[in-house]
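Colleague:
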Ligand code: ATP
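Numbering (the working numbering), first residue to last: -6 to 238.
#1: Who are residue 6's beta bridge partners in DSSP?
#2: Looking at the unbroken alpha helix (DSSP H) that takes in residue 128, where does it start and where does it end?
#3: Is the beta carbon of residue 210 less than 8 Å from the beta carbon of residue 33?
#4: Mark residue -3 as exposed unless 16 or more other C-beta atoms lie within 10 angstroms of its C-beta, in which case mark it buried.
#5: Which parts of the region 130 to 193 are runs of the beta strand (DSSP E), unbroken and 3 residues or longer, counting only runs that do not cross its ends?
#6: Please confirm whether residue 85 and residue 147 have their CB atoms less than 8 Å apart.
#7: To test your reading of the DSSP string, which unbroken alpha helix (DSSP H) runs of 4 or more residues are found completely within the region 48 to 101?
#8: Give a yes or no on whether the C-beta atoms belonging to residue 195 and residue 224 are separated by under 8 Å.
#9: Using only the alpha-carbon positions, how far apart do residue 20 and residue 42 sit?
#10: Less than 6 Å between C-beta atoms, sequence neighbours within five positions excluded: which residues of the same chain meet that for residue 168?
#11: Does the region 118 to 127 come within contact of the region 57 to 75, defined as at least 3 CB pairs closer than 8 Å?
#12: How big is the Cα-Cα spacing for residue 230 and residue 205?
#13: Output the distance between the C-alpha atoms of residue 188 and residue 131, rounded to the nearest integer angstrom.
#14: With residue 38 and residue 7 assumed to form a contact (beta carbons below 8 Å), what rounded beta-carbon distance in angstroms separates them?
#15: Which residues in the same chain as residue 77 place their Cβ atom closer than 8 Å to its Cβ, once the five residues preceding and following it in sequence are excluded?
#16: Can you list the residues near the ligand ATP, meaning Cβ strictly closer than 5 Å to any non-hydrogen atom, in the order they appear in the chain?
#17: From the DSSP output, in three-state form, read off residue 14 for me.
#18: Under the rule that 16 or more other beta-carbon atoms within 10 Å means buried, what is residue 170, buried or exposed?
#19: Could you check where the beta strand (DSSP E) with residue 208 kicks off and where it finishes?
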């Protein structure tokens, strides 16, 4: 998406957080995050280990204690439980995939649609198989027998079974070989091309910025920098701190 369109998309965000704070017992992990994700954008959140990237996604998804404002398409999320947030169209692909290892690929995917009703509930399978034909070939295999790349495809596929409007991905490249990382990132751009908005958290900064429209840099629970993906990629401090340049 050209930067001018990106700016327009960010003017009327699908998701926005204001003064978002998140808490673990005795610890404030996010110190007031203001973030916008425009409809149709890919937005990347980058930063070092422990910066609060996973916590940010979990706070939006309702999986961790939080305060402040979270708006999604005009609806306030900050007091809603996780299952209601999921039904509104936000899906989280968690760090480490969290698949059901003993269940088949097919059952993992169908479980993704468990909260949906009606004859259309398994319809997203078509999109999942189109994006990841390998999953269709391995439908009856147990998830634990898949390669790391296939497991990540399955975790993304399971999230797509909820027909999300916003897909949040927590370090989808974790533990994958470079070639597989490329496949996963290519799939993410295809998912966006289908109209799904994407918020991605990554430690692999260069790869994430290559597919993102805009990015936020997070440090110890605060946003320290934001801009177009190109601006962030070209920022001297970012290059020194995160890209070793
Ligand atoms: P990583 O890439 O290592 O996952 P991150 O940027 O995603 O890092 P978070 O996992 O969000 O960072 O962690 C932010 C802070 O919250 C860290 O100080 C971490 O130690 C702390 N934290 C994370 N999860 C918990 C938890 N379940 N209980 C207590 N503290 C936690």
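Ideal Cβ positions, reconstructed from N, Cα and C, are used throughout, including at glycine.
Modeller: Checking against the coordinates, here is how it stands:
#1: According to DSSP, residue 6 bridges with 31.
#2: Start and end: 126 to 130.
#3: Contact check for residue 210 against residue 33 fails: the beta carbons are separated by 8 Å or more.
#4: Interpretation of residue -3 is limited by its pLDDT of 45, a score under 50 that renders its predicted location unreliable; no figure is taken from the coordinates.
#5: As far as the region 130 to 193 is concerned, its whole beta strand (DSSP E) runs of at least 3 residues are 159 to 163.
#6: No, these two residues do not count as a Cβ contact at 8 Å.
#7: Listed in chain order, they are 75 to 80.
#8: Going by beta carbons, residue 195 and residue 224 fall outside the 8 Å limit.
#9: Taking the straight line from one Cα to the other gives about 16 Å.
#10: Excluding residues within five positions, the ones whose Cβ falls inside 6 Å are 141.
#11: At 8 Å Cβ cutoff, the stretches do not touch.
#12: Straight-line spacing of the CA atoms in residue 230 and residue 205 works out to 19 Å.
#13: A direct Cα-Cα distance of roughly 27 Å separates residue 188 from residue 131.
#14: Residue 38 to residue 7, Cβ: 15 Å. No contact.
#15: Hits under 8 Å: 55.
#16: Matched residues: 17, 22, 42, 43, 44, 45, 46, 47 and 48.
#17: Residue state for residue 14 is assigned as strand, using DSSP reduced to three classes.
#18: So residue 170 counts as exposed.
#19: 207 to 212 is the extent of the beta strand (DSSP E) around residue 208.
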